[in-house]
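Numbering (the working numbering), first residue to last: 36 to 258. Just so you know, even glycine gets a beta-carbon here, dropped at the ideal spot from N, CA and C. The structure displayed is predicted, hence computed values, not measured ones.
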């Protein structure tokens, strides 16, 4: 819109919130990113915006933070924080394994759908169309970055979570509350064959997941 049109229009008002959130906040956030303790919500509040609208939403493709800690040093509580619960409707051992198969395949199918989402809180554009050499949002007016909605890391952690549910040794180690260690040990002993076979079921998927493997030939190919 031309400035003269704004001057002539008595009812035309500048959308300060849109201007601050779309034009000012993104570059200021990038400039302040190296400063420890700053985040999008805090900067938005300093600009006079509603900070609650700019709380960092958990986006599946936060690859930049994937390597902050070694995977072996991450606790199960943190690793499985975003994992989906195992929906158990049957007590039959065969049906439990069948249900597990189904839920694992649903997770894998979700990953291969390839959805991405813009990290700008105002935009949140969700699409499967991604530029080959750019991670910028496809909307012309948006300066956000596109991230994978459901990443390979999430699939891998989901598989590890499913496996942990049938890990008898881990259950005994963490026995507490209304179940004594003796009760858990007895349960694991009686159901050892079922627990082991179910863990092998999940291991079959884990062995096909490239995230758990390192190809040394590729790693040292340039040497």
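Per DSSP, the continuous beta strand (DSSP E) segment holding residue 182 begins and ends at 181 to 183. When the beta-carbon positions are compared, residue 161 and residue 152 come within less than 8 Å of each other.
In the DSSP assignment, residue 152 falls within the unbroken beta strand (DSSP E) covering 151 to 153. Annotation for residue 217: the continuous alpha helix (DSSP H) segment containing it runs 216 to 225.
Within its own chain, the residues whose Cβ lies closer than 6 Å to the Cβ of residue 149, once the five positions on either side in sequence are excluded, are 163, listed in chain order. Sorting 206, 229, 143 by C-alpha distance to the C-alpha of residue 130 places 229 at the top. Contact holds between the segment 111 to 130 and the segment 192 to 207, because three or more Cβ pairs, one in each stretch, are under 8 Å apart. According to the DSSP assignment, residue 145 belongs to the alpha helix (DSSP H) that extends over 128 to 148. In this structure, residue 123 sits away from residue 133, with a CB-CB distance that is not shorter than 8 Å.
Comparing C-alpha distances from residue 197 to each of 210, 231, 172, 54 shows the shortest one belongs to 231.
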